[in-house]
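Position in the sequence shown (from 1) plus 46 gives the number in this note's numbering.
Following: one structure in structure tokens, then a few remarks.
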Amino acid sequence: MAGASCPDATITITTQTDADKLGQCQTFDGDIVLTPTIKEDITLRGIQKINGALYTGPGTDTADKPTNAQFTLSSNTLTSISGNLTLSSMPGLYGLFLPNLTTVGGPVTMSELPVLANLSLQSINSVGNIRIISAPKLVNATMGSKTVTTDPTIGLKHITDPTDATIEVRNVGLSNVDGLIDLYNASNLILKDLPNLNSVILRTGNIDQVEIQGNNDLTVYTWEGSIFTDTPQPIIGTLNISGVKQVDPCLWPDVHNFIAVNNSIEYLHFGFKSLQRIEVRDNPNLRRFLPWNGPDFATINVWLWNLTDLIIKDNPLLTLQHSFPRAANDTLTAQQCPFMFREQKDDWYWWPFHMQSLVIDANIDNTYL
Numbered sequence: 047m048a049g050a051s052c053p054d055a056t057i058t059i060t061t062q063t064d065a066d067k068l069g070q071c072q073t074f075d076g077d078i079v080l081t082p083t084i085k086e087d088i089t090l091r092g093i094q095k096i097n098g099a100l101y102t103g104p105g106t107d108t109a110d111k112p113t114n115a116q117f118t119l120s121s122n123t124l125t126s127i128s129g130n131l132t133l134s135s136m137p138g139l140y141g142l143f144l145p146n147l148t149t150v151g152g153p154v155t156m157s158e159l160p161v162l163a164n165l166s167l168q169s170i171n172s173v174g175n176i177r178i179i180s181a182p183k184l185v186n187a188t189m190g191s192k193t194v195t196t197d198p199t200i201g202l203k204h205i206t207d208p209t210d211a212t213i214e215v216r217n218v219g220l221s222n223v224d225g226l227i228d229l230y231n232a233s234n235l236i237l238k239d240l241p242n243l244n245s246v247i248l249r250t251g252n253i254d255q256v257e258i259q260g261n262n263d264l265t266v267y268t269w270e271g272s273i274f275t276d277t278p279q280p281i282i283g284t285l286n287i288s289g290v291k292q293v294d295p296c297l298w299p300d301v302h303n304f305i306a307v308n309n310s311i312e313y314l315h316f317g318f319k320s321l322q323r324i325e326v327r328d329n330p331n332l333r334r335f336l337p338w339n340g341p342d343f344a345t346i347n348v349w350l351w352n353l354t355d356l357i358i359k360d361n362p363l364l365t366l367q368h369s370f371p372r373a374a375n376d377t378l379t380a381q382q383c384p385f386m387f388r389e390q391k392d393d394w395y396w397w398p399f400h401m402q403s404l405v406i407d408a409n410i411d412n413t414y415l
């Protein structure tokens, strides 16, 4: 409950002295506004719940925003924010440590934070949405759970905004996004301009659209439902990749639309069920293209039954044929799915039952179709 000396309205924090006014508040009914001119570490002590928002407000003068004074924002007691958590245009924010925060009712937005290097939201479970944008020095982040579990209380499991259930990470220095992708349902997952990210696992529930713009050295792994880990089958409406070096070829999530444009990939092998549209274009290094659709003829037939649009063009090195020898340097296939690699050749059987659009412009022989 609120203490007798607890502020009863919005409070603005510039110094630790301001923050100490909340020391008697377990629950604060109002907004907490952080000025961008903060020049010292701020700790929110004692407060457990904010019935309002925690956000960056305007400074007294943009010229006063510190360029050298770095600070951290922390609270070991805060567990819940009913409104939004917005930290934007704070040139001195070096670290954010809210290790026991589990719930944010509104959006979580961290943007234009040029020196942010450390982030701890290790207990986060439910948010409206998350956007981490333009934090190029953020290399250390603890987000959600590192354990694969379907327990709805562990890890980031709930993206609750009914109109914008988005996870976006853009122009950030992270080398992994562990904990940010954790079996939730959402409308959008966006990963772009992440120069240090070389591997990502799409461990999702139902996602309307996944957009990935890699660094040309990125490997994208998909997740597959498993009775052993009790994890669900991912269902992705549209998977749109660019700047990707390799795609995991041997797991079989549901992907309805697959778009691969301007990637560094040489051997595009993938196993997606429920495909309706495939678009592969403008991939300068692409040599082989194979939708690997299962271990037997019957499975292949079912998985490509709904394919309506196939577009393959402007891939100057691509050769299309029914069967060709396995490429010796296709190391991902050899390592990740040896049962497929042992076949020593690539085969693709498909039947254009419901085709609406068919565009193929490649080096092709008459065994392919």
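All residues carry an ideal CB built from backbone N, CA and C; glycine is no exception.
Distance check for residue j and residue i, CA to CA, integer angstroms please.
i: aspartate 342; j: glutamine 367; result: Residue placement at aspartate 342 cannot be trusted, given a pLDDT of 44 that sits under 50; what the coordinates show is reported in the next sentence. The alpha-carbon atoms of aspartate 342 and glutamine 367 are separated by roughly 19 Å.
i: threonine 354; j: aspartate 360; result: 20 Å
i: serine 169; j: serine 121; result: 13 Å
i: isoleucine 59; j: threonine 209; result: 31 Å
i: asparagine 146; j: asparagine 234; result: 26 Å
i: tryptophan 351; j: aspartate 254; result: 21 Å
i: leucine 90; j: valine 218; result: 26 Å
i: glycine 174; j: aspartate 407; result: 44 Å
i: asparagine 97; j: threonine 61; result: 22 Å
i: proline 362; j: asparagine 329; result: 8 Å
i: valine 256; j: leucine 264; result: 15 Å
i: asparagine 231; j: leucine 364; result: 36 Å
i: asparagine 262; j: asparagine 309; result: 7 Å
i: leucine 285; j: valine 185; result: 26 Å
DSSP three-state call for residue i: helix, strand or coil?
i: aspartate 207; result: coil
i: glutamine 40; result: In the structure as shown, the chain starts at 47 and stops at 415, and residue 40 therefore has no counterpart that could be examined.
i: threonine 365; result: strand
i: serine 63; result: In the sequence as displayed, the identity of residue 63 is threonine instead of serine. The answer is helix: DSSP assigns threonine 63 an H, G or I state.
i: proline 82; result: coil
i: asparagine 262; result: strand
i: methionine 189; result: strand
i: arginine 161; result: As written in the sequence, residue 161 is valine, which differs from the arginine given in the question. If DSSP states are grouped into helix, strand and coil, valine 161 belongs with coil.
i: arginine 333; result: coil
i: glutamine 94; result: coil
i: aspartate 360; result: coil
i: asparagine 309; result: coil
i: tyrosine 230; result: coil
i: phenylalanine 74; result: strand
Going by other Cβ atoms of all chains shown within 10 Å of its Cβ, with 16 needed for buried, is residue i buried or exposed?
i: threonine 56; result: exposed
i: lysine 291; result: buried
i: threonine 492; result: This structure cannot speak to residue 492, because the chain is shown only from 47 to 415.
i: alanine 181; result: buried
i: aspartate 228; result: buried
i: leucine 124; result: buried
i: proline 299; result: buried
i: leucine 404; result: exposed
i: proline 104; result: exposed
i: methionine 136; result: buried
i: threonine 63; result: exposed
i: alanine 198; result: Just to set this straight, residue 198 is proline in the shown sequence, not alanine. So proline 198 counts as exposed.
i: histidine 315; result: buried
Would you mind reading off the limits of the beta strand (DSSP E) that contains residue i?
i: glutamine 279; result: Glutamine 279 -> no beta strand (DSSP E), and no H or E assigned at all.
i: phenylalanine 143; result: 139-143
i: glutamate 325; result: 323-327
i: tyrosine 101; result: 100-102
i: alanine 181; result: 175-181
What is the C-beta distance between residue i and residue j, in whole angstroms, given that I count them as a contact (C-beta under 8 Å)?
i: asparagine 171; j: lysine 203; result: 6 Å
i: asparagine 303; j: arginine 323; result: 4 Å
i: isoleucine 88; j: glutamine 72; result: Between glutamine 72 and isoleucine 88 the Cβ distance is about 18 Å, and since that is not below 8 Å, they are no contact.
i: tyrosine 140; j: valine 154; result: Not really, about 18 Å apart at Cβ, beyond 8 Å.
i: arginine 177; j: threonine 212; result: 7 Å
At a cut-off of 7 Å, is residue i close to the ligand SAH when judged by its beta-carbon and the heavy atoms of the ligand?
i: leucine 321; result: Absent from the structure shown: the ligand SAH. Ligands present: none.
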